[in-house]
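K.L.:
Those protein sequences? They're chains E and F, same order as listed.
Just so you know, the first sequence maps onto residues 0 to 271 in numbering that gives the first Met the number 0.
Just so you know, the second sequence maps onto residues 0 to 656 in numbering that gives the first Met the number 0.
Structure below; questions to follow.
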Amino acid sequence: MLDASEGYVTEDGRKIGGVVMEMKNITLRFGGVVAIKDISFDIREGEIRAIIGPNGAGKSSMLNVISGFYVPQEGEVWFRGAKRPQMRPYEVARQGIARTFQNIALFEGMSVLDNVMTGRLNYMKTNLLQQAMWMGKAEAEETANREVVEKVIDFLEIQHIRKTPVARLPYGLKKRVELARALAAEPKLLLLDEPMAGMNVEEKEDMSRFILDVNDEFGTTIALIEHDMGVVMDLSDRVVVMDYGKKIGDGTPDEVRNNQEVIDAYLGVAHD
Amino acid sequence: MAQTQSGAQGLQSLPALLHRNATQFGNAPAYREKEFGIWQCWSWSEAAAEIRAIALGFLELGVDKGDHIAVIGRNRPAHYWSMVAAQMVGAVPVPLYQDSVAEEMAYVLEHCGAKYVVCGDQEQVDKVIEIQENLHQVKHILYTDKRGMRKYDHSQMNALADIMAEGRAGHQRFDEELDRRIAAITYDDTCVMLYTSGTTGKPKGVVLSNRNVIESAKNSAEFDKLTRDEDILSYLPMAWVGDFIFSIGQAYWCGFCVNCPESADTMMTDLREIGPTYFFAPPRVFESQLTNVMIRMEDAGKLKQRMFHHFMAHAKRVGGRILDGKPVGAWDRLKYAVGNILVYGPLKDTLGYSRFRVGYTAGEAIGPEIFDFYRSLGINLKQLYGQTEATVFITVQPDGEVRADTVGVPAPDVEIRIDENGEIFYRSPGVFVEYFKNPESTASTKDAEGWVATGDAGFIEEDSGHLRIIDRAKDVGKMADGSMFAPKYVENKLKFYPDILEVVLFGNGKDHCVAFINIDLNAVGNWAERNNIAYGSYQELAGHPKVLESIRSHVSEVNKSVAADEMLSGCQVHRFVVLHKELDADDGEITRTRKVRRKFVEDKYHDIIAALYDGSDTVSTVTEVTYEDGRKGSIKATLKICDAEVVPTTQHKVAAE
Numbered sequence: 000m001l002d003a004s005e006g007y008v009t010e011d012g013r014k015i016g017g018v019v020m021e022m023k024n025i026t027l028r029f030g031g032v033v034a035i036k037d038i039s040f041d042i043r044e045g046e047i048r049a050i051i052g053p054n055g056a057g058k059s060s061m062l063n064v065i066s067g068f069y070v071p072q073e074g075e076v077w078f079r080g081a082k083r084p085q086m087r088p089y090e091v092a093r094q095g096i097a098r099t100f101q102n103i104a105l106f107e108g109m110s111v112l113d114n115v116m117t118g119r120l121n122y123m124k125t126n127l128l129q130q131a132m133w134m135g136k137a138e139a140e141e142t143a144n145r146e147v148v149e150k151v152i153d154f155l156e157i158q159h160i161r162k163t164p165v166a167r168l169p170y171g172l173k174k175r176v177e178l179a180r181a182l183a184a185e186p187k188l189l190l191l192d193e194p195m196a197g198m199n200v201e202e203k204e205d206m207s208r209f210i211l212d213v214n215d216e217f218g219t220t221i222a223l224i225e226h227d228m229g230v231v232m233d234l235s236d237r238v239v240v241m242d243y244g245k246k247i248g249d250g251t252p253d254e255v256r257n258n259q260e261v262i263d264a265y266l267g268v269a270h271d
Numbered sequence: 000m001a002q003t004q005s006g007a008q009g010l011q012s013l014p015a016l017l018h019r020n021a022t023q024f025g026n027a028p029a030y031r032e033k034e035f036g037i038w039q040c041w042s043w044s045e046a047a048a049e050i051r052a053i054a055l056g057f058l059e060l061g062v063d064k065g066d067h068i069a070v071i072g073r074n075r076p077a078h079y080w081s082m083v084a085a086q087m088v089g090a091v092p093v094p095l096y097q098d099s100v101a102e103e104m105a106y107v108l109e110h111c112g113a114k115y116v117v118c119g120d121q122e123q124v125d126k127v128i129e130i131q132e133n134l135h136q137v138k139h140i141l142y143t144d145k146r147g148m149r150k151y152d153h154s155q156m157n158a159l160a161d162i163m164a165e166g167r168a169g170h171q172r173f174d175e176e177l178d179r180r181i182a183a184i185t186y187d188d189t190c191v192m193l194y195t196s197g198t199t200g201k202p203k204g205v206v207l208s209n210r211n212v213i214e215s216a217k218n219s220a221e222f223d224k225l226t227r228d229e230d231i232l233s234y235l236p237m238a239w240v241g242d243f244i245f246s247i248g249q250a251y252w253c254g255f256c257v258n259c260p261e262s263a264d265t266m267m268t269d270l271r272e273i274g275p276t277y278f279f280a281p282p283r284v285f286e287s288q289l290t291n292v293m294i295r296m297e298d299a300g301k302l303k304q305r306m307f308h309h310f311m312a313h314a315k316r317v318g319g320r321i322l323d324g325k326p327v328g329a330w331d332r333l334k335y336a337v338g339n340i341l342v343y344g345p346l347k348d349t350l351g352y353s354r355f356r357v358g359y360t361a362g363e364a365i366g367p368e369i370f371d372f373y374r375s376l377g378i379n380l381k382q383l384y385g386q387t388e389a390t391v392f393i394t395v396q397p398d399g400e401v402r403a404d405t406v407g408v409p410a411p412d413v414e415i416r417i418d419e420n421g422e423i424f425y426r427s428p429g430v431f432v433e434y435f436k437n438p439e440s441t442a443s444t445k446d447a448e449g450w451v452a453t454g455d456a457g458f459i460e461e462d463s464g465h466l467r468i469i470d471r472a473k474d475v476g477k478m479a480d481g482s483m484f485a486p487k488y489v490e491n492k493l494k495f496y497p498d499i500l501e502v503v504l505f506g507n508g509k510d511h512c513v514a515f516i517n518i519d520l521n522a523v524g525n526w527a528e529r530n531n532i533a534y535g536s537y538q539e540l541a542g543h544p545k546v547l548e549s550i551r552s553h554v555s556e557v558n559k560s561v562a563a564d565e566m567l568s569g570c571q572v573h574r575f576v577v578l579h580k581e582l583d584a585d586d587g588e589i590t591r592t593r594k595v596r597r598k599f600v601e602d603k604y605h606d607i608i609a610a611l612y613d614g615s616d617t618v619s620t621v622t623e624v625t626y627e628d629g630r631k632g633s634i635k636a637t638l639k640i641c642d643a644e645v646v647p648t649t650q651h652k653v654a655a656e
């Protein structure tokens, strides 16, 4: 296991800082069903942290706890050195956490540009009247936010669909637009819920490169859920493995790969 | 002489032209690039400052006179600037195709011995690093896009912006040296080196001098009356001679503005936003635009569709004539003007051609319908014929003399000669200096008097003086009576019919021509469905009497048009057969890029050819076929041989005789 106090240096020489988010003994129940059972782990500044596990392991529930959508019955969420009180999702977003969704959640009728602009909502200070009448600081604000959005569009190479309604886009591009919207919020922590689900090999490669580039270029801390083991092992610095709501492994990809409990969970156990 | 004129003005290099533009109209826009959703603009004086900063940076890096600097990237101002900056310090810019794979690039980099490489992005840098493992000649890599580059070892690498900053900071040390180098550039120094794409053998480095580039730019700009108010969109590969002449040569000579698209994918949107006044595209761009228009029209409302078809029919009738300045009745003109408001204008705006003043298509033959479609809208699209070795221009079509089947008259200062085999030779101020490090090829292409062989066969029409390209010279032969045999010329005419997919013409050394024809299953199948003609297979459809009848009428029509051509009237198709199978790349009959392998087809179907010549009515044949999974089988067929109407020709003497 890695030392929990200071940072560490990854294989490719990136410096990982202190703890950004810490989950302490989280338990989440839906009625009688226990989705998450007493799980603790941390996410560090600048790292790519994966949460993996078989179907129904509780991965998405975990991500929803981090994003503040679910409130765990037990346990504490610590973010940037302070215990996080119960919050609404928009308050979490204001803290600097952005996410993408497993099932794409974009405004289908709106253009890519408008969709990505919605990621800037938390930076807009002018009120509805000002924006409608194009009064006061509305114009300057729009310009400033558009600049950020355009940088993201350039970064993710979606210039050619800037004005295209999202409904007309293929699946792989919609995923990228979702990532763009999350990035437009300039998050401190980026949560990706199955960013590669349903993609072909080429799209997966593209998406992997974008995730690595985001991490490298902006130093964004990323927590992701993913099914594709190859992708997870290549991308992430540390991996949490869940099975039936419990944590069964935590460490670097190599440590996790050799963990007997993890192998059993994924490949099944021989009964003899 | 034009040459001494340009020399007398001291405008003997691109840096000199840049200086003129920056001092005479420094505030006029020189470059625009769409980035972050906005068109960023640089005036001539701003561009001159940027270019000077790059040149100073090159000096800081230690670039020597005569060094080669490779530029690999998409069309961006910084890449164009790097090329001019290289010229300033006395180095030779070598733009490379950015989509070539590492091995191809390795050959060119090694051949030119580039010590410095300007890369567009990480992808190109990776390729150069891969090549560098075996080459060890590149001293320094520069890159324009910083993304993903942070982790690289920067001991021999730098961002272009950073060396520009270093150059600016050290300008007091290098100003004098830079001015000395700029002043030392002569008219006959190398301006640029461009590698020909090399469909046969290794690419060859064509060395073009300042004289080649500036004279060609000047002549062609005067020919089309280009001014500094033009706007062009630079989207064709930078390694291609055309882009160098349009985006640097003519742009610097005239002082017009070069617009770079945001990315390759946004080209069509950017085209519309810029609305270029001067435009260049290969036929496929026009083809795909036309297809798009037609598809979108099918989805339009009834009223719009009727309006479109009504006015397009009118445009087809008079549009081309109005554009050529020929007499057209007042009523037709009025109707055309109404059409312009209702249909042509909005359509041109959608296509991005509302400000289109003059434009060219070249590279391959453009279908006459496509060509006429654009011209009938009032878009002055023309054809030219050129080569890298000629600094593009050999022949161009003057305004008012534009036709789909010729490539125009010799460009200003270009002399043309056709040898006894029909091969085209030219001589002009644009003729290249040499192939780099390849004196044998230089000698075999360019003779002592400066005549260059094109490898294409053609002839000059006597009444109009226009050049017509017939075929690649090696495919052109002679018939038994000595008249010219040019298969492609006849085949192309036949292939413009939608129901004919492929044609192979035979007749070299014979007294008349015969042809193999493949029907287009889509078109003919569609026609059969509409006419209630039942068929069970390709073979059955291809042998259907009604199909043969309609193909025969096409052949007869083509024969009439071929007969009208004095030199090629011997190439009329006397007998033909509609083949029972499509020529297929799996069987080796055509290449993967759909070019017919003549020799192979001739050998494989020798029995059918024999029957075509011996006068029999039918021929039974067994053909081996290869299935996609590699299994082999055979098709047995009895093919009907058809006679086509031939226009009798009393005399067809070849001009060269």
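Don't be surprised by glycine CBs; every beta carbon is placed ideally from N, CA and C.
In chain E, which residues lie with their C-beta within 9 Å of the C-beta of F:Ser12?
P.N.:
Within chain E, no residue comes near F:Ser12; the closest Cβ sits about 35 Å away, beyond 9 Å.
K.L.:
Could you tell me the boundaries of the alpha helix (DSSP H) in which E:Asp253 lies?
P.N.:
Start and end: Pro252 to Arg256.
K.L.:
So what does F:Pro28 bridge to, in DSSP terms?
P.N.:
Paired residues: F:Ser42.
K.L.:
May I ask which residues mark the beginning and end of the beta strand (DSSP E) holding F:Ala69?
P.N.:
F:Ala69 -> beta strand (DSSP E) spans His67 to Ile71.
K.L.:
So, helix, strand or coil for F:Leu16, using DSSP?
P.N.:
Helix.
K.L.:
State yes or no: is the C-beta of F:Val561 within less than 7 Å of the C-beta of F:Cys570?
P.N.:
In contact: F:Val561 and F:Cys570 (Cβ atoms closer than 7 Å).
K.L.:
Give the interface partners of E:Lys174 over in chain F, defined as CB-CB distance under 9 Å, in chain order.
P.N.:
None at all; the shortest Cβ gap to chain F is about 18 Å.
K.L.:
Just reading off the alpha helix (DSSP H) that F:Arg450 is part of, what are its end residues?
P.N.:
Contrary to the premise, residue 450 of chain F reads as Trp rather than Arg in this sequence. Premise fails: F:Trp450 is in no alpha helix (DSSP H) and is neither H nor E.
K.L.:
Quick one: does E:Asn212 have its CB under 7 Å from some CB of chain F?
P.N.:
The residue asked about is misnamed: residue 212 of chain E is Asp in this sequence, not Asn. Yes, E:Asp212 lies at the interface with chain F (some Cβ there is under 7 Å from its Cβ).
K.L.:
CB-CB under 7 Å to F:Ala527, same chain, minus the five flanking residues each way: which ones, in chain order?
P.N.:
Tyr534 and Leu540.
K.L.:
Would you mind telling me which residues of chain E sit closer than 8 Å to F:Ser262, beta carbon to beta carbon, in chain order?
P.N.:
Simply Glu156, Gln158 and His159.
K.L.:
So F:Trp330 is in the beta strand (DSSP E); what residue range does that whole segment cover?
P.N.:
Note, F:Trp330: premise wrong, no beta strand (DSSP E); alpha helix (DSSP H) at Ala329 to Gly338.
K.L.:
Between the alpha carbons of F:Tyr359 and F:Glu229, how many angstroms are there, rounded?
P.N.:
Answer to the nearest angstrom: the Cα atoms are 15 Å apart.
K.L.:
Confirm, please, whether the CB-CB distance from F:Ala47 to F:Met87 is below 7 Å.
P.N.:
No, the pair does not count as a contact, with Cβ atoms beyond the cut-off.
K.L.:
Do F:Val100 and F:Val240 have their CB atoms nearer than 7 Å?
P.N.:
Taking 7 Å as the Cβ cut-off, F:Val100 and F:Val240 do not qualify as a contacting pair.
K.L.:
Looking at the C-beta of F:Gly324, does it have a partner C-beta in chain E at a distance below 7 Å?
P.N.:
So, not an interface residue.
K.L.:
Rounded to the nearest angstrom, how far is the Cβ of F:Ile634 from that of F:Gln538, given a contact under 8 Å?
P.N.:
With 8 Å as the limit, F:Ile634 and F:Gln538 qualify as a contact, their Cβ atoms being about 7 Å apart.
K.L.:
On the three-state DSSP scale, how would you describe F:Thr198?
P.N.:
Here F:Thr198 scores only 49 on pLDDT, less than 50, and its place in the model should not be relied on; the value that follows carries that caveat. The answer is coil: DSSP assigns F:Thr198 none of H, G, I, E or B.
K.L.:
Chain E beta carbons: is any one of them nearer than 7 Å to that of F:Gly119?
P.N.:
Chain E, which has no Cβ nearer than 7 Å to the Cβ of F:Gly119, makes this no.
K.L.:
Go ahead and label E:Phe29 buried or exposed: buried means 16 or more other beta carbons lie within 10 angstroms of its beta carbon, across all protein chains shown.
P.N.:
Exposed, because fewer than 16 other Cβ atoms sit within 10 Å of the Cβ of E:Phe29.
K.L.:
Can you have a look at F:Tyr343 and say buried or exposed, based on whether 16 or more other CB atoms are within 10 angstroms of its CB?
P.N.:
Buried is the call here.
K.L.:
Just to confirm the assignment, what range does the beta strand (DSSP E) spanning F:Asp564 have?
P.N.:
No beta strand (DSSP E) contains F:Asp564, which DSSP labels as neither H nor E.
K.L.:
Please report the residue range of the beta strand (DSSP E) in which F:Val513 lies.
P.N.:
Cys512 to Ile518 is the span of the beta strand (DSSP E), which, as asked, contains F:Val513.
K.L.:
If we cut at 7 Å on Cβ distances, does F:Phe35 have a partner in chain E?
P.N.:
It does: the Cβ of F:Phe35 has a partner Cβ on chain E nearer than 7 Å.
K.L.:
Between which two residues does the alpha helix (DSSP H) carrying E:Glu206 extend?
P.N.:
The amino acid occupying residue 206 of chain E in the given sequence is Met; Glu does not appear at that position. Where E:Met206 is concerned, the enclosing alpha helix (DSSP H) stretches over Val200 to Phe217.
K.L.:
Since F:Thr265 meets chain E, which of its residues come closer than 7 Å, beta carbon to beta carbon?
P.N.:
Result: Gln158 and His159.
K.L.:
Near F:Asp404, what residues of its chain come up, given a Cβ to Cβ distance below 8 Å and the 5 sequence neighbours on each side ignored?
P.N.:
Here the set comprises Pro367 and Arg467.
K.L.:
Can you check whether the CB of E:Val32 is closer than 7 Å to the CB of E:Leu105?
P.N.:
No, they are not a contact pair.
K.L.:
Of all Cβ atoms in chain F, is any one closer than 7 Å to the Cβ of E:Asp153?
P.N.:
Yes - at least one Cβ of chain F is within 7 Å of the one on E:Asp153.
K.L.:
Spell out the partners DSSP gives F:Gly457 in its beta bridges.
P.N.:
Paired residue(s): F:Ile468.
K.L.:
What ranges does the alpha helix (DSSP H) occupy inside the region 340–406 of chain F, keeping only unbroken runs of at least 4 residues that lie completely in it?
P.N.:
The region 340–406 of chain F contains these whole alpha helix (DSSP H) runs: 344–350 and 367–375.
K.L.:
In chain E, what lies closer than 8 Å to F:Gly351 by C-beta?
P.N.:
Here the premise fails: no neighbours, minimum Cβ distance about 15 Å.
K.L.:
Across the region 295–313 of chain F and the region 181–193 of chain E, are there enough close Cβ pairs to call them in contact, namely three or more that are closer than 8 Å?
P.N.:
The region 295–313 of chain F vs the region 181–193 of chain E: no contact.
K.L.:
Give a yes or no on whether the minimum CB-CB distance between F:Val212 and chain E is below 7 Å.
P.N.:
No, its Cβ sits nowhere closer than 7 Å to a Cβ of chain E.
K.L.:
To which residues does DSSP link F:Pro411 through a beta bridge?
P.N.:
For F:Pro411, which the question treats as bridged, DSSP gives no partner whatsoever.
K.L.:
Just the C-alpha distance for E:Leu112 and E:Leu182, rounded to the nearest angstrom, thanks.
P.N.:
Rounded to the nearest angstrom, the two C-alpha atoms are 13 Å apart.
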